[in-house]
Every structure is written in C-alpha cells, then in structure tokens.
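S.K.: Next up is a structure, given as structure tokens.
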Amino acid sequence: MLRGAALAGGGVLLGGATALGGATRSAHAAAEPHVHTRANWGARRPRRRARVLGSGPDHIVVHHTATANTSDTSTSHAAALSRSIQRYHMDTNGWDDIGQQLTISRGGHVMEGRNTSLAAIRAANHTVGAHTAYHNSHTIGIENEGTYSSATPPEALMASLAETCAWLCAVYNLDPSSAIVGHRDYNATSCPGDRLYAMLPELRSETRTRMRAQLVDEDLLDGSEVPEEHRPSYPERPMDERRTEHFHGPALGEHGGGS
Ligand SMILES: [Zn+2]
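Using the UniProt record's numbering, you'd call the opening residue of the sequence shown number 1 and step up by one each time.
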C-alpha cells in the first residue's frame, strides 16, 4: 500500500489561490491520497446530512480506534471496520452518522468517514464531525485502526497517515508542526495511545517532508493566527478510563455541533 511517489494520484497543481470562507488564505492544490468512498465501504445512510462550514479546520486530530491490532490488511477488512464504527456511533451512541471524517486501516487503506467529508475537503470546507468534544467545529478527525497504548502502528498505516496529513495541510494551508495533534491534547483521554502519541513529532516531520516533495508553498497558516479557544489544552489523562471497543474518549460536547 505504500504509494512512495509523492506525485501519485493525479499530480500537483501549483499556485492555486482560493478564498476560504471569507478569509483570503491561499489554498494549495494537493496530491490527494486514494480515499475509499462511503459507497465503497457500504456506508448506511446518515439520519441527517452533516453540517458543512465554509472554511477549513485549524487542527488535525489523530485518534486510534481502540479495536484489535488485526493482521488483516485487506480492503474488505478496512470496509468492515468502517461499517462497524458507523454501527457503534449510530446504534450505540445514537449519532446521526459515523463521527470522524477519515479512517485509516492497519493495511493503510484510507476511508471516507462522515457524509460529505470528501467533497468538503476537496473544496477546502469543513464537515463538522463528532470525534473531539468541544472542538468539532474546527478540527478534522482521523481514526487509525488499532490500540496503540504499547503496540507500534504498522508502517503502512503511518505512511498513509502522513500522506493524508500532507494532503489536508496543503488543502487547508496548515503548518504540520502545530496543526497535527492527538485527541488527548483536547480531551481527558489516553487516545491515540502512548505509543502513537509519542510518534506525532515524527508524523509532523514526515508530513512536512512530503509537502516539500510536492512543492507545497511553505507560506502556511501560522499557529498564532488560531484563536486561543481552538488551541490544545493538554488536559490530564484519566486514570480509570472506560475500556470499550471503539470508545476512545469524549467525542461530543457543546460547540460540537450535530451528532
Ligand atoms: Zn480519540
């Protein structure tokens, strides 16, 4: 699943300038990873169409799925995982749809999550999801299959995660060093697991490397332009966290928008 060539997936367009929801940041056309659509994985219809905002998120939140570290790297397994998460979010949590915008399997397959997510990203807009309590209106969530409290994520997953982050940072004009955070940076949770969390600096650096390879302009949104209330608060990790498959910490809360 490694797609080594940075220019794979349709090449790179340079210098595209697009107004983002009233702001005048320039958006970079980016190399898009292969994303399996909701139709590809057999998504159920959402109860309601997701809310789409006319400007992009300012942070990318990395999660783990708190499911088994399977050795099945097939696309069919990745599709089944997405259906399973959607079932949990809709039937157990009672939400309108799957919560996160993107899911990446241990085989490195990138799957669209919440309805409208892919179209919104391509348009540099933001589909409001349900993955990080109090911060859903300005963050995009990527659920990475597995449990990474002590296990190390597979290379295929990390490669696809970096490719996906490079795409999102280019589309939304984000600086990977400040934009890529873990769920625990906002909510009291161990998500995305100590091991994956410890790999975030490496992910930021790998993302930047890929952006450079794609000749993405380095004039990225500086973290200092992000409103204070949007910045990570680094809460304490809970000691007695609930251990349930698919549960990886608080995902909904006021300002969350939708469910
Ligand atoms: Zn999480």
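For glycine and all other residues, C-beta sits at the position ideal for the given N, C-alpha and C. Quantities reported herein were computed from a predicted structural model and do not represent experimental measurements.
My understanding is that G129 touches Q100, with C-beta atoms under 8 Å, so please give their C-beta distance in whole angstroms.
M.R.: Here the question's residue 129 lines up with position 129 in the sequence shown. Here the question's residue 100 lines up with position 100 in the sequence shown. Indeed they touch by this definition, with Cβ atoms about 6 Å apart.
S.K.: My parser needs the beta strand (DSSP E) runs of 3 or more residues fully inside the region 20-108; what are they?
M.R.: 59-64 and 102-104
S.K.: Between H183 and ligand 1, is there a pair consisting of the residue's CB and a ligand heavy atom that are separated by less than 6 Å?
M.R.: As a working mapping, residue 183 is identified with position 183 in the sequence shown. Because some heavy atom of ligand 1 lies under 6 Å away, the Cβ of H183 counts as near it: yes.
S.K.: Whose C-beta lies closer than 8 Å to the C-beta of E241 among residues of the same chain, with five residues either side of it excluded?
M.R.: As a working note, residue 241 is residue 241 in the sequence shown. Once the five neighbours on either side are set aside, the close Cβ partners of E241 are T189, S190 and G249.
S.K.: Starting from T209, trace the alpha helix (DSSP H) in both directions and tell me its first and last residue.
M.R.: For the purposes of this step, residue 209 is taken as the residue at position 209 of the sequence shown. Its alpha helix (DSSP H) spans residues L200 to A213.
S.K.: I need the boundaries of the alpha helix (DSSP H) containing M158, first residue and last residue.
M.R.: The sequence position of residue 158 within the sequence shown is 158, counting from 1. Looking at the DSSP string, the run of the alpha helix (DSSP H) that includes M158 is E155 to Y172.
S.K.: Give a yes or no on whether the C-beta atoms belonging to R114 and D97 are separated by under 7 Å.
M.R.: Counting from one through the sequence shown, the residue named residue 114 turns up at place 114. Counting from one through the sequence shown, the residue named residue 97 turns up at place 97. Cβ atoms of R114 and D97: closer than 7 Å.
S.K.: For D58, does the count of other Cβ atoms within 10 angstroms reach 16, so buried, or fall short, so exposed?
M.R.: Reading the sequence shown from its first residue, position 58 is the one you call residue 58. Looking at its Cβ environment, which holds 16 or more other Cβ atoms inside 10 Å, D58 is buried.
S.K.: Would D97 count as contacting chain D if we go by Cβ distances under 7 Å?
M.R.: The structure shown contains no chain D, having only a single protein chain.
S.K.: Ligand 1 heavy atoms versus the CB of H89: any closer than 6 Å?
M.R.: As a first step, residue 89 must be located in the sequence shown, where it is residue number 89. It does not: the Cβ of H89 is nowhere closer than 6 Å to a heavy atom of ligand 1.
S.K.: What's the gap between the Cα of R208 and the Cα of P176?
M.R.: In the sequence shown, residue 208 corresponds to position 208, counting from 1. In the sequence shown, residue 176 corresponds to position 176, counting from 1. Rounded to the nearest angstrom, the two C-alpha atoms are 6 Å apart.
S.K.: Would you give the residue range spanned by the beta strand (DSSP E) that G182 belongs to?
M.R.: On the sequence shown, position 182 is the one that residue 182 refers to. I180 to G182 is the extent of the beta strand (DSSP E) around G182.
S.K.: Do G56 and H131 have their beta-carbon atoms positioned less than 7 Å apart in this structure?
M.R.: If you number the sequence shown from 1, residue 131 lands on position 131. If you number the sequence shown from 1, residue 56 lands on position 56. Result no, Cβ atoms of H131 and G56 do not sit closer than 7 Å.
S.K.: Relative to the C-alpha of A124, which residue among L174, A80 and I142 is closest?
M.R.: Counting from one through the sequence shown, the residue named residue 124 turns up at place 124. Shortest Cα-Cα distance from A124 to any of L174, A80 and I142 involves L174.
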